[in-house]
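Enquirer:
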DNA sequence: TTCGTATACATCGGCGCCGATATACCGGGT
DNA sequence: ACCCGGTATATCGGCGCCGATGTATACGAA
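Residue numbers (our numbering), protein chains in the order written: chain A, 1 to 176; chain B, 1 to 176.
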């Protein structure tokens, strides 16, 4: 979610819109810039909600910048988003990765319990990618076409990596 | 994209809305159901555009089903989507994975050249996840917090798996 | 000189997604 | 007898995202 990314980046230090734009673009891994028509309205919404303030600053190269800074309400709201992400849908990869990126802002390890929920989701969610003509889920090696095999291979690699990471991280959290 | 998933599934055999719903939910890996208010309007749009037709069928358990079937226009349009995905943004993981899932519908290996574009994107896109306070991109081992390290670990695992797969798949395609 | 590109912000229309809500039937449990 | 959960479809309001467009400045290359 955009809101989370904006607040998360601003938590570190004040930034102007254009700077936020490039950082958010890089957040998903491959660089996919978010549209101006997405970012600036989002900033305005957060400002209207009183979560951030702006201060004009001379532009280093071009137009004047608006330096954005979190208010105390913004800091509190970010903490809330990280602790109790609006819902359920931990199954949304983008949201989860964004959350991971800023989870460090919760200093107390006990507040980072969200990773436990994530592991739970991994254990209970059946991860199946396709069904055959009769509606039965298909196993990995049943696929005849290389593209679905590839899809499965890539996803499984990511899942394995994440599960391993969850395991060690939770272990370390519990040691405190 | 929803449109692509609907057309892709229907390419195999006719399905009713509810069935599509469960298949699409599983498509993303973890099961995240798409909302009724998303699916049914999407079906109606495709129907209005003449890409699919519906036939009423008695519901096996409850309400009557509407079996959905691609028209010739629908088949043609799916082929077009697979060959020339609206644009550029191969960087959108969801779209790319959905495309992969149905790329088999292009029988001619020469039409599957989209994977070359994907590899190109991998080679040219700098994949960097975070910047420091001065705006410089940070390397993996510079991260102090375990969450950003995890994010990087997971993403890199997926990237490596995909790149390896791209390499072997392209090799095999070129042998034809 | 002029053009392209990067910086920097803003607005607007369209449209797709989602949650809420409604209807209706069936089977199984209490 | 009753309710709950799963099957099955549909509509609607809200809102967020995106592409297009506009404005303005600075720098380097053609």
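Glycine included, each C-beta is placed from N, C-alpha and C at the ideal position.
1) Beta-carbon within less than 8 Å of residue 42/B's beta-carbon, same chain only, minus the 5 sequence neighbours each way: which residues are those?
2) If you follow the alpha helix (DSSP H) that residue 168/A is part of, which residue opens it and which one closes it?
3) According to the neighbour-count rule (16 or more other Cβ atoms, all chains shown, within 10 Å of its Cβ), is residue 48/B buried or exposed?
4) Could you have a look at residue 49/A and say whether DSSP puts it in helix, strand or coil?
5) DSSP state of residue 113/B, grouped into three classes?
6) Where DSSP assigns a beta bridge to residue 99/B, which residues make up the other side?
7) Please state if the CB of residue 159/A and the CB of residue 102/A are separated by a distance shorter than 9 Å.
8) Got a sec, what are the start and stop residues for the beta strand (DSSP E) residue 81/B sits in?
9) Nearest by alpha-carbon distance to residue 64/A: which of 11/A, 115/A and 19/A is it?
10) Can you check whether the C-beta of residue 153/B is within less than 9 Å of a C-beta belonging to chain A?
11) According to DSSP, is residue 7/A part of a helix, a strand, or is it coil?
12) Please report how far the alpha carbon of residue 175/B lies from the alpha carbon of residue 99/B, in whole angstroms.
13) Using a Cβ-Cβ cut-off of 8 Å (strictly less than) and excluding sequence neighbours within five positions of residue 16/A, which residues of its own chain qualify?
14) Using a C-beta to C-beta distance shorter than 7 Å, which residues of chain B count as neighbours of residue 145/A?
15) Can you tell which of 93/A, 61/A and 54/A has the C-alpha that lies nearest to the C-alpha of residue 74/A?
16) Consider the Cβ of residue 142/A: report whether some Cβ of chain B lies at a distance smaller than 9 Å.
17) List, in chain order, every chain B residue whose beta-carbon is nearer than 8 Å to that of residue 148/A.
18) Leaving out five residues before and five after residue 50/A in sequence, what residues of the same chain have Cβ atoms less than 7 Å from its Cβ?
19) Have a look at 144/B, 34/B and 113/B and flag the residue whose alpha-carbon is nearest the alpha-carbon of residue 82/B.
20) Would DSSP call residue 57/A helix, strand or coil?
21) List, in chain order, every chain B residue whose beta-carbon is nearer than 7 Å to that of residue 169/A.
22) For residue 84/A, decide whether its Cβ has a neighbour in chain B, counting only Cβ atoms nearer than 9 Å.
23) According to a CB-to-CB cut-off of less than 8 Å, which residues of the segment 69-82 of chain A neighbour chain B?
24) Work out the CA separation of residue 172/B and residue 167/A for me, nearest whole Å.
25) Whole angstroms are fine: how far does the CA of residue 34/A sit from the CA of residue 149/B?
26) Opposite residue 1/A in the DSSP bridges: which residues?
27) Hey, would you say residue 157/A sits closer than 9 Å to residue 157/B, going by beta carbons?
28) Grab me the residues of residue 32/A's own chain with a C-beta within less than 7 Å of its C-beta, minus the 5 sequence neighbours each way, in chain order.
29) Rank 161/A, 14/A and 46/A by C-alpha distance to the C-alpha of residue 152/B and give the top, closest one.
30) Can you round the beta-carbon distance between residue 169/A and residue 115/A to whole angstroms, since I take them to be within the 8 Å contact cut?
31) Based on the DSSP output, what are the partners of residue 15/A in its beta bridges?
32) For residue 88/A and residue 46/B, what's the separation of their Cα atoms in angstroms?
33) Is it right to say residue 85/B is buried, meaning 16 or more other beta carbons lie within 10 angstroms of its own, or is it exposed?
34) Answer yes or no: do residue 105/A and residue 23/A have a C-beta to C-beta separation smaller than 9 Å?
35) Would you say residue 157/A lies against chain B (beta-carbon separation less than 9 Å)?
Expert: Working from what's here:
1) Sequence-distant Cβ neighbours of residue 42/B in its own chain, meaning closer than 8 Å and more than five residues away, are 2, 3 and 6.
2) 146-174 is the span of the alpha helix (DSSP H), which, as asked, contains residue 168/A.
3) Only exposed fits residue 48/B, as fewer than 16 other CB atoms lie within 10 angstroms of its CB.
4) The DSSP-derived three-state label of residue 49/A is coil.
5) Looking at residue 113/B - three-state DSSP - the assignment turns out to be coil, as it is neither helix nor strand.
6) Answer is none; residue 99/B lacks a bridge partner.
7) With respect to the 9 Å criterion, residue 102/A and residue 159/A are not classified as neighbours on the basis of their beta carbons.
8) Where residue 81/B is concerned, there is no enclosing beta strand (DSSP E), although the alpha helix (DSSP H) it sits in stretches over 72-83.
9) Answer by Cα proximity: 19/A.
10) With a threshold of 9 Å between beta carbons, residue 153/B makes contact with chain A.
11) In the structure shown, residue 7/A sits in a helix (DSSP, three-state: H, G or I).
12) Approximately 23 Å, taken between the alpha carbons.
13) These residues qualify, in order along the chain: 57, 65, 66, 67 and 68.
14) Within chain B, 104 have C-beta atoms less than 7 Å from the C-beta of residue 145/A, given in sequence order.
15) The shortest C-alpha separation from residue 74/A is found at 54/A.
16) Not closer than 9 Å to any Cβ of chain B, the Cβ of residue 142/A fails to qualify, so no.
17) Here the neighbours are 100, 101 and 104.
18) Residues of the same chain with a CB within less than 7 Å of the CB of residue 50/A, apart from the 5 flanking positions on each side, are 71 and 73 in chain order.
19) Residue 82/B has its Cα closest to that of 113/B, out of 144/B, 34/B and 113/B.
20) Strand.
21) Correct list: 146 and 150.
22) It does not; no Cβ of chain B falls within 9 Å.
23) Within the segment 69-82 of chain A, no residue has a Cβ that lies closer than 8 Å to any Cβ of chain B.
24) Here the alpha carbon of residue 167/A sits roughly 37 Å from the alpha carbon of residue 172/B.
25) Cα-Cα distance, rounded: 24 Å.
26) Beta-bridge annotation (DSSP): residue 1/A is not paired with any residue.
27) Yes, the Cβ-Cβ distance between residue 157/A and residue 157/B is below 9 Å.
28) Around residue 32/A: 25.
29) Ranking the options by Cα distance to residue 152/B, first place goes to 161/A.
30) Taking 8 Å as the upper bound for CB-CB distance, residue 169/A and residue 115/A are in contact here, some 6 Å apart.
31) Its beta-bridge partners are 68/A.
32) Its pLDDT being 43, under 50, residue 88/A is placed unreliably by the model, and the measurement read from it follows with that caveat. Spanning the two alpha carbons is a distance of roughly 30 Å.
33) Counting Cβ neighbours within 10 Å, residue 85/B comes out buried, since at least 16 surround it.
34) For residue 105/A and residue 23/A, no; Cβs fall outside 9 Å.
35) Nearest CB-CB separation between residue 157/A and chain B: below the 9 Å threshold.
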